[in-house]
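Before any comments, here is the structure.
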Amino acid sequence: MNLRNIILPNSQPPAFLTVIVLITIIFIFITDEFVDINKYCTLSPSSLWDLDLTRLLLYPLAHLSIPHLLFNCFALFTPLNAFEATHGTVYTFIMLNILSVVTGVIYCVVGHWLYPTVAIAGASGWCFTLFAYFSVRESTVKPTTTLFFANITIPTILDPVVTLVVIALLIPGSSFWGHLFGLLVGYLMGWKEIIFRMVVIPSWIITYFESKLKFFINLTPRFLKYYLNEDIQVNEDYVSIWENVVTLPITNNPNQPTFQGTGNVLGTA
Numbered sequence: 002m003n004l005r006n007i008i009l010p011n012s013q014p015p016a017f018l019t020v021i022v023l024i025t026i027i028f029i030f031i032t033d034e035f036v037d038i039n040k041y042c043t044l045s046p047s048s049l050w051d052l053d054l055t056r057l058l059l060y061p062l063a064h065l066s067i068p069h070l071l072f073n074c075f076a077l078f079t080p081l082n083a084f085e086a087t088h089g090t091v092y093t094f095i096m097l098n099i100l101s102v103v104t105g106v107i108y109c110v111v112g113h114w115l116y117p118t119v120a121i122a123g124a125s126g127w128c129f130t131l132f133a134y135f136s137v138r139e140s141t142v143k144p145t146t147t148l149f150f151a152n153i154t155i156p157t158i159l160d161p162v163v164t165l166v167v168i169a170l171l172i173p174g175s176s177f178w179g180h181l182f183g184l185l186v187g188y189l190m191g192w193k194e195i196i197f198r199m200v201v202i203p204s205w206i207i208t209y210f211e212s213k214l215k216f217f218i219n220l221t222p223r224f225l226k227y228y229l230n231e232d233i234q235v236n237e238d239y240v241s242i243w244e245n246v247v248t249l250p251i252t253n254n255p256n257q258p259t260f261q262g263t264g265n266v267l268g269t270a
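As numbered in my numbering, residues 2 to 270 make up the sequence shown, in order.
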């Protein structure tokens, strides 16, 4: 595993939104030690029916313990950084909110009957969504992968499923249902990303507003990379973005092609 390729993919600094998301998560966790913020963020199945809808956006930002926080920050950084680099900063911000809501609604609907009193919090849903998304994309160029802990080759598309099972066995208190629904949403996005793009504002609108805010965008520190929508290039033929980088916690993907990415579909963001 090449640590430099994880921290600085394609020789670029860490993505702007990715770092802001992680800082926000850490800030909320620290603040919760003094003010009970998590009680306003955690999502339970009743939240949807009580129309407490802000929780559908906030629950990924709340974390319940230091291990919970550290694991999710570590797991989220690489796939979110890669997604932002290939889709743009604003698009990624919008998509994170969409993914949070879609996964949260599914959790609430199913939980109304299966686990009505079980609340969830944490960015692991985002992690599994991005794991599944990239496993679908990677499977088109690398059909199989080898597990770290055993000399076993499995279909690349099943990488996140193995991760889901391993975490469920090793950490019984983790939110299996939240992880599962995040996983399913990620698979759907990997196979039919156009469905999600249809609910994102058009690409030209994002470009227009970014052009008006160029002065402020240019204030981004040099150690961060803001990905302008106009700089995201369309590339329908997916090329692996994981050169010497571990895509999932338990898989090994050696000697892959260089960073390219998929970009956006014409007319969308």
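All residues carry an ideal CB built from backbone N, CA and C; glycine is no exception.
Contact set for residue i: own chain, Cβ-Cβ below 8 Å, skip 5 residues either direction
| i | result |
| --- | --- |
| Thr43 | Arg56, Tyr60, Ala63, Ala120, Ile121, Ala122 |
| Gly191 | Ala133, Tyr134, Phe135, Ser136, Val137, Arg138 |
| Gly112 | Ser45, Pro46, Val119, Trp178 |
Contact check, residue i vs residue j, beta carbons under 8 Å
| i | j | result |
| --- | --- | --- |
| Ile202 | Glu211 | no |
| Phe17 | Tyr227 | yes |
| Gly174 | Phe132 | no |
| Thr104 | Phe182 | yes |
| Leu225 | Pro15 | yes |
Alpha helix (DSSP H) segment containing residue i, residue limits
| i | result |
| --- | --- |
| Thr104 | 90-115 |
| Leu189 | 177-192 |
DSSP state of residue i mapped onto helix, strand, coil
| i | result |
| --- | --- |
| Phe168 | First, the amino acid is wrong: residue 168 is Ile here, not Phe. In the structure shown, Ile168 sits in a helix (DSSP, three-state: H, G or I). |
| Ala133 | helix |
| Ala86 | helix |
| Leu225 | coil |
| Leu44 | strand |
| Thr248 | Per-residue confidence for Thr248 stands at a pLDDT of 41, beneath the threshold of 50, marking its modelled position as unreliable; no derived number is given. |
| Ala63 | coil |
| Ala76 | helix |
| Ile121 | strand |
Of the listed residues the options, nearest to residue i (C-alpha basis)
| i | options | result |
| --- | --- | --- |
| Asp232 | Ser136, Val166, Thr141, Ser204 | Ser204 |
| Phe75 | Thr93, Leu100, Ile27, Val103 | Ile27 |
| Leu184 | Leu225, Val20, Pro68, Leu100 | Leu100 |
| Phe197 | Thr141, Trp114, Asn98, Pro222 | Asn98 |
| Cys109 | Lys213, Thr90, Trp178 | Trp178 |
| Leu189 | Thr130, Ile207, Leu58 | Thr130 |
| Ser140 | Trp127, Cys128, Pro156 | Pro156 |
| Phe25 | Leu70, Trp50, Gln13, Asp53 | Correcting the residue type first, residue 25 is Thr in the shown sequence and not Phe. Minimum Cα distance to Thr25 is reached at Leu70. |
| Ile21 | Ile168, Asn82, Gln234 | Asn82 |
Enclosing beta strand (DSSP E) for residue i [first to last residue]
| i | result |
| --- | --- |
| Leu148 | 145-148 |
| Pro156 | 154-156 |
Contacting residues, own chain, Cβ-Cβ under 6 Å from residue i (five flanking each side not counted)
| i | result |
| --- | --- |
| Phe94 | Leu18 |
Sequence-distant residues of its chain with Cβ nearer than 7 Å to residue i (five each side left out)
| i | result |
| --- | --- |
| Phe78 | Thr19, Leu23 |
| Thr145 | Thr154, Ile155, Pro156, Thr157 |
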